[in-house]
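A.B. asks: Residue numbers (my numbering): 1085 to 1392. By construction, the Cβ of each residue, glycine as well, lies at the ideal position given by its N, Cα and C atoms. Just so it is clear, the structure is predicted and the values come from calculations on it, not from any experiment.
(1) Quick one: Cα of residue 1164 to Cα of residue 1320, how far?
(2) Rounded C-beta distance between residue 1202 and residue 1159? I'm assuming under 8 Å.
(3) In whole angstroms, give me the CA-to-CA distance for residue 1145 and residue 1239.
(4) Between which two residues does the alpha helix (DSSP H) holding residue 1384 run?
(5) If you follow the beta strand (DSSP E) that residue 1192 is in, where does it begin and where does it stop?
(6) To which residues of the same chain is residue 1354 closer than 8 Å at the C-beta, ignoring the five residues directly before and after it?
(7) Looking only at DSSP bridge pairs, what is residue 1184 linked to?
(8) Identify, in the order they occur along the chain, each residue of the same chain with its Cβ nearer than 7 Å to the Cβ of residue 1125, setting aside the five sequence neighbours on each side.
(9) Quick check on the burial criterion: 16 or more other C-beta atoms within 10 angstroms. Buried or exposed for residue 1282?
(10) Would residue 1302 and residue 1331 qualify as a contact pair, given that the criterion is a beta-carbon distance under 8 Å?
(11) Using a 10 Å radius around the Cβ and a threshold of 16 neighbouring Cβ atoms, would you call residue 1314 buried or exposed?
(12) Beta-carbon within less than 8 Å of residue 1194's beta-carbon, same chain only, minus the 5 sequence neighbours each way: which residues are those?
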């Protein structure tokens, strides 16, 4: 994915202000939908309406930045100069500054005016991101939500923020690996996995990230789905074509169809290619996770085949 900023190795990138990359940014009227509305679907976003001539703004903004940095990726800060971008604050009824609005799930949910102290800003954030300062998994949930939604840069920023707070955070490390895989940078993902300390290398998070990378490499070699489907339709017993089709479908996130084809191979010839269909099913299940609907349905359908 062109333009995606992935930290080198596992070291988090930082902006000159000390904020983790893109967790704190300036925005414009044109970028507001992306920077605020869309971003708030995966993490709490604070919008700081300010102006260069505003003394209380100069007092509030550094405190906001400090608190957002301490939140470990559970919240982002977006700053808008109302002098150069008057349309959005006008639409939102901003009459005095500093004014801060909290956006969540694509809409404003709360706000305050004036230069609040740090403790009150933390309390304000905790109303909408309860785990932001308690060591909970709010940052991880936000990062995973961004990744699932296809916001790869947002996910990279959030995982990087987590890693800035704790350099041993294996969920953040493997999260960045998964971002690389989804962006198509498989070599970078491989490098980041190789950099994981030996004492963490056997963790389930690393195993899942490795399985995701292996699946991506398989998918690249499998080819397009249309010619593979044509082969299967011409010869339902062409297990290799069906297997390659399942890999390609899995890569395209057509999970139910991928599972269908692997189960079909297993039902027709469970021993084919050293039970390759069963092995691949297990890889899919590991990558997608136990709560995925395709995994749940696939396990139910596989069970009677195993014991038939």
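C.D. replies: A quick look at the data gives this:
(1) For the purposes of this step, residue 1164 is identified with residue 80 of the chain shown, where counting begins at 1. For the purposes of this step, residue 1320 is identified with residue 236 of the chain shown, where counting begins at 1. Cα to Cα, the separation comes out at about 59 Å.
(2) As a first step, residue 1202 must be located in the chain shown, where it is residue number 118. As a first step, residue 1159 must be located in the chain shown, where it is residue number 75. Going by Cβ atoms, the distance from residue 1202 to residue 1159 rounds to 14 Å, so no, they are not a contact pair.
(3) The residue given as residue 1145 occupies position 61 in the chain shown. The residue given as residue 1239 occupies position 155 in the chain shown. Near 24 Å, if we compare the C-alpha coordinates of residue 1239 and residue 1145.
(4) Stepping through the chain shown from its first residue, residue 1384 is reached at position 300. 1377-1390 is the span of the alpha helix (DSSP H), which, as asked, contains residue 1384.
(5) Within the chain shown, residue 1192 is the residue found at index 108, counting from 1. Where residue 1192 is concerned, the enclosing beta strand (DSSP E) stretches over 1191-1197.
(6) Reading the chain shown from its first residue, position 270 is the one you call residue 1354. Cβ within range, chain order: 1361, 1362, 1389.
(7) If you number the chain shown from 1, residue 1184 lands on position 100. The partner list for residue 1184 (beta bridge, DSSP) reads 1132, 1196.
(8) Counting from one through the chain shown, the residue named residue 1125 turns up at place 41. Cβ neighbours of residue 1125 beyond the five flanking positions: 1189, 1190, 1233.
(9) Taking the chain shown and counting its residues from 1, the one referred to as residue 1282 is at position 198. Exposed, because fewer than 16 other Cβ atoms sit within 10 Å of the Cβ of residue 1282.
(10) Translated into positions along the chain shown, residue 1302 becomes position 218. Translated into positions along the chain shown, residue 1331 becomes position 247. Yes; because the gap between Cβ atoms is below 8 Å, this pair is in contact.
(11) In the chain shown, the residue the question calls residue 1314 occupies position 230. Flag for residue 1314 reads exposed.
(12) Numbered from its first residue, the chain shown carries residue 1194 at position 110. Here the set comprises 1185, 1186, 1208, 1211, 1212.
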